[in-house]
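Visitor:
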Amino acid sequence: MSVSIPPPKCLKKPLTVPHRLMFGPGPSNVPARILQAGANPVIGHMHEETFEIMSDIKSGIQYMFQTRNIMTLAVSGTGHTAMECAIFNAVEAGESVLTAVNGIWGERAAEMITQPNLLRELPKLPNCPVVFFLAHGESSTGVLHPLDGIGELCHKYDCLFLVDSVASIGGVPLYMDEQGIDILYTGSQKVLNAPPGTAPISFSERACQKIFHRKTKPISFFLDLNWLANYWGCDGKPSRIYHHTGPVNAFYSLRESLAILAEESLENSWKRHEKVAEYFQAGLESMGLKLFVKERKARLPTVTTIVAPHGYNWKEITNYIMKTHNIEISGGLGPSIGLVLRVGLMGCNSSKTNVDKVLAALKDALKHCHKSKV
Ligand code: GLV
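In the working numbering, the protein residues as written are 336 to 709.
1) With the cut-off set at 8 Å, would you say threonine 434 and alanine 444 are in Cβ contact?
2) Verify whether the separation of the beta carbon atoms of glycine 679 and glycine 359 is less than 8 Å.
3) Pick helix, strand or coil for phenylalanine 538, following the three-state DSSP scheme.
4) Mind checking glutamate 654: buried by the 16 CB within 10 Å criterion, or exposed?
5) Which residue's Cα is closest to the Cα of serine 390: Thr521, Asn565, Glu427, Val628?
6) Classify leucine 596 as buried or exposed, calling it buried when 16 or more other Cβ atoms lie within 10 Å of its own Cβ.
7) For phenylalanine 386, which three-state DSSP category applies?
8) If you measure between the beta carbons of alanine 534 and threonine 385, is that distance less than 8 Å?
9) Using the DSSP secondary-structure output, state which residues sit across from glutamate 470 in a beta bridge.
10) Would you decide whether methionine 406 is buried or exposed? Buried here means 16 or more other CB atoms lie within 10 Å of its CB.
11) Taking just the CA atoms, how far does tryptophan 440 sit from glycine 414?
12) Would you say alanine 643 and glycine 673 are within 8 Å of each other, going by their C-beta atoms?
13) Tell me the DSSP bridge mates of alanine 409?
14) If you draw a straight line from the C-alpha of leucine 460 to the C-alpha of histidine 490, how long is it?
15) Would you tell me roughly how many angstroms separate the C-alpha atoms of aspartate 559 and alanine 421, rounded to the nearest one?
16) Alpha carbons only, please: which of Glu613, Gly623, Asn603 is nearest the one belonging to proline 508?
17) Let me make sure I understand the geometry here. Which of Leu519, Leu589, Ser671, His645 has the alpha-carbon closest to that of valine 628?
18) Express the C-alpha separation of isoleucine 448 and valine 465 in angstroms, rounding to a whole number.
19) Does the Cβ-Cβ distance between asparagine 584 and asparagine 364 come in under 8 Å?
20) Between which residues of its own chain and threonine 580 is the CB-CB distance below 8 Å, once the five residues before and five after are set aside?
21) So what does DSSP say about tyrosine 587, is it helix, strand or coil?
22) Do serine 474 and ligand 1 come close, with the Cβ less than 7 Å from some heavy atom?
23) Note down, in chain order, each residue of its chain lying with its Cβ closer than 7 Å to the Cβ of glutamate 456, except the 5 sequence neighbours on either side.
24) If you run the structure through DSSP and keep just helix, strand and coil, what is threonine 521?
25) Could you name the residues of the same chain whose beta carbon sits closer than 7 Å to that of asparagine 437, not counting the 5 residues immediately before and after it, in chain order?
26) Are the segment 547-554 and the segment 494-511 touching, with three or more C-beta to C-beta distances below 8 Å?
27) In the structure shown, what three-state DSSP assignment does leucine 460 receive?
28) Taking just the CA atoms, how far does proline 342 sit from arginine 607?
29) Residues in its own chain within less than 8 Å of asparagine 404 by CB, not counting five upstream and five downstream?
30) For serine 665, is the beta carbon positioned less than 7 Å from some heavy atom of ligand 1?
31) Could you compute how far the alpha carbon of glutamate 419 sits from the alpha carbon of histidine 645?
32) For proline 531 and glycine 373, which I take to be in contact (beta-carbon distance under 8 Å), what is that distance rounded to the nearest angstrom?
33) Might you give, ordered along the chain, the residues of its own chain that have their beta carbon closer than 7 Å to the beta carbon of leucine 408, omitting 5 neighbours on each side?
34) Less than 7 Å between the CB of leucine 674 and some heavy atom of ligand 1, yes or no?
35) For histidine 703, count neighbouring Cβ atoms within 10 angstroms of its own Cβ and tell me buried if that reaches 16, exposed if not.
36) Express the C-alpha separation of threonine 639 and lysine 687 in angstroms, rounding to a whole number.
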């Protein structure tokens, strides 16, 4: 045998990555401090120092989620991985799940739940759902859903309350324990401003009771909580067994991003996101643009949805803003495609200076993009 495929010419060129203002729904910009943390030397995923870093991460997530849950860790993967981790562990074939659909994330959860393996025994579905899924911050529609009272209602019916906080946590008040949330997850790439690739998740005692008394194994080995709990030192066992190679450099970045959030404090971060969102909304309205979410209280302060300006092609606007202003903003996603423009100002990106940049870019785009005669 001989090597017949030559080394690719493209790899001879040095890697080039542009600097961009990441004001879409995520990933958001990563500050130098977090990037530098991630550039520390690689050490083993089973080294004592790595376990210490993982333990710090766990404390940081407990603070961010406002929970005392022992079963708190970060999944190796994006928010989607945490979503599958929650569903695949908490739900067994034949059980029913109730999903609130207020945008794409509710739709996605429904799609994951109806995987062939989970649906196998559909005719035997009991009436009462074992899990209720809700996206706290729907990044596709810009809706912030209230959480109070839902946990209690779920528990009355012996149902676990599962919340997706990928687009909201850190930017909006959320109290996992007090609000009776049983499973909560997020991603690293939004308010936390860490690179995509780690996903904090936490399970209440009630959720653990169900998960660790399953009759069948979860359909994913990689996301099996029995294994993850051991790797993250959450199961009280004296030693950890190899499960997968944790992304150690991503752990360093995640730890740094949690440290930054703790330094600012949750309360200050929530207040800053709220004030900046109000300033942005007022600026948009004074330009004659309409907010997609009419009710103020239901507006997600981290991701703002603007009704796609009448007569314009939304794609031309986002392309223009990227090309001319080096700013990423985005169109709709799933059910909101064609209906909205989405602007995410999350974590370090949430500032009045950045709002002014987006407003100026939008004004310029509306002046220069083609308007059809309708
Ligand atoms: C991703 O989270 C998005 O909302 O586009």
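Here a beta-carbon is modelled for each residue, glycine too, at the ideal position from N, C-alpha and C.
Guide: So, to answer that:
1) When the beta-carbon positions are compared, threonine 434 and alanine 444 come within less than 8 Å of each other.
2) Contact: yes.
3) Looking at phenylalanine 538 - three-state DSSP - the assignment turns out to be strand.
4) According to the sequence shown, residue 654 is asparagine rather than glutamate. Its Cβ having fewer than 16 others within 10 Å, asparagine 654 is exposed.
5) Of the candidates Thr521, Asn565, Glu427, Val628, the one whose C-alpha sits nearest the C-alpha of serine 390 is Asn565.
6) Classification of leucine 596: buried, given that the 10 Å Cβ count is 16 or more.
7) In the structure shown, phenylalanine 386 sits in a helix (DSSP, three-state: H, G or I).
8) No, the pair does not count as a contact, with Cβ atoms beyond the cut-off.
9) Per the sequence shown, the amino acid found at residue 470 is alanine instead of glutamate. Residue pairing by DSSP places alanine 470 opposite Asp499 in a beta bridge.
10) Flag for methionine 406 reads buried.
11) Spanning the two alpha carbons is a distance of roughly 11 Å.
12) Yes, these two residues count as a Cβ contact at 8 Å.
13) BP columns for alanine 409 point to Pro535.
14) Confidence in leucine 460 is poor, its pLDDT being 49 and thus under 50, which makes the residue's placement unreliable; the coordinate value appears in the next sentence. Near 19 Å, if we compare the C-alpha coordinates of histidine 490 and leucine 460.
15) Looking at the two C-alpha atoms, the distance is approximately 10 Å.
16) For the residues Glu613, Gly623, Asn603, the minimum Cα distance to proline 508 belongs to Asn603.
17) Valine 628 has its Cα closest to that of Ser671, out of Leu519, Leu589, Ser671, His645.
18) Note on geometry: alpha-carbon atoms of valine 465 and isoleucine 448 lie some 12 Å from one another.
19) Asparagine 364 is positioned such that its CB atom lies no closer than 8 Å to that of asparagine 584.
20) Answer for threonine 580: His380, listed in chain order.
21) Judged by DSSP in its simplified three-state form, tyrosine 587 adopts helix.
22) Within 7 Å of the C-beta of serine 474 there is at least one heavy atom belonging to ligand 1.
23) Note that glutamate 456 scores a pLDDT of 44, beneath 50, so its modelled location is shaky and nothing firm can be said.
24) Under the three-state reduction of DSSP output, threonine 521 falls in the coil class, being neither helix nor strand.
25) Result list for asparagine 437: Ala470, Glu473, Thr476, Val478, His480, in chain order.
26) Contact between the segment 547-554 and the segment 494-511 is absent, because fewer than three Cβ pairs lie under 8 Å.
27) At leucine 460, the pLDDT of 49 sits below 50, so the modelled position is not reliable; the number obtained from the coordinates is stated separately. DSSP places leucine 460 outside both helix and strand once states are collapsed to three, so it counts as coil.
28) Rounded to whole angstroms, arginine 607 to proline 342 spans 50 Å at the Cα level.
29) The answer, listed in chain order, is Gln397, Met511, Asp512, Ser537, Phe538, Ser539, Glu540.
30) Serine 665 Cβ: within cutoff of ligand 1.
31) Their Cα atoms are separated by approximately 38 Å.
32) Actually they do not touch by this definition, with Cβ atoms about 12 Å apart.
33) So the list reads Lys393, Ile536, Leu563, Trp567, Cys569, once near-sequence residues are dropped.
34) No, the beta carbon of leucine 674 sits no closer than 7 Å to any heavy atom of ligand 1.
35) It is exposed - the Cβ of histidine 703 has fewer than 16 other Cβ atoms within 10 Å.
36) Computed Cα separation, rounded: 14 Å.
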